[in-house]
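Single-structure report; data block below.
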Amino acid sequence: MEPLSVLTMLFGAWGVITAVLAILVIYRATLSSREDDQIFIDAAEHLHYEEQQELVARMTRLRTPIIALTAISAVLFLSGVSFWVYQGLKNF
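Just so you know, the working numbering puts 354 at position 57 of the sequence shown, and the rest follows in order with no gaps.
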């Protein structure tokens with residue numbers, strides 16, 4: 298395989314993974330902005346409490362994919378840069 302195509306594939310995959318990561322982080326931030334720090338619950342506001350619990354559950358479920366995508370993005374970026382440097386030194 299040609300070195301330029303490998304480099305293009307590495308940085309292309311990194312770009313896609315990083316874009317998905319950015320979308321997830323933005324989505325989590327919008328969920329976080331709707332979360333209340335304190336809720337004073339009486340019998341009439343029980344529905345509000347359930348909505349807040351659902352928001353917290355969504356934010357908790359997003360934690361694992363965000364961490365995984367961050368790690369994959371870092372590995373792809375470092376692989377691309379390392380390959381680029383290797384090719385530069387090889388052709389030097």
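Glycine included, each C-beta is placed from N, C-alpha and C at the ideal position.
Because the structure is a prediction, the values reported are computed rather than measured.
Spatial distance of residue i from residue j (CA atoms)
{"i": "ILE314", "j": "GLY385", "result": "25 Å"}
{"i": "THR305", "j": "ALA354", "result": "38 Å"}
{"i": "TYR383", "j": "LEU344", "result": "58 Å"}
{"i": "LYS387", "j": "LEU328", "result": "48 Å"}
{"i": "LEU359", "j": "ILE323", "result": "11 Å"}
{"i": "VAL303", "j": "ALA368", "result": "20 Å"}
{"i": "GLN349", "j": "MET356", "result": "11 Å"}
{"i": "ILE392", "j": "TRP311", "result": "There is no way to answer for residue 392, as the model of the chain reaches only from 298 to 389."}
CB contact check: residue i to chain C, cutoff 8 Å
{"i": "ARG360", "result": "This model lacks chain C altogether; it includes just one protein chain."}
Within 8 Å, strictly: CB atoms of residue i and residue j
{"i": "LEU352", "j": "ARG331", "result": "yes"}
{"i": "LEU321", "j": "LEU373", "result": "no"}
{"i": "PHE389", "j": "LEU307", "result": "no"}
Buried or exposed (CB count within 10 angstroms, at least 16 for buried), residue i
{"i": "LEU375", "result": "exposed"}
{"i": "LEU301", "result": "exposed"}
{"i": "SER370", "result": "buried"}
{"i": "GLY309", "result": "exposed"}
| field | the stretch 339 to 351 contacting the stretch 309 to 324, beta-carbon criterion three pairs below 8 Å | value | Touching, no, given that fewer than three Cβ pairs across the two stretches are closer than 8 Å.
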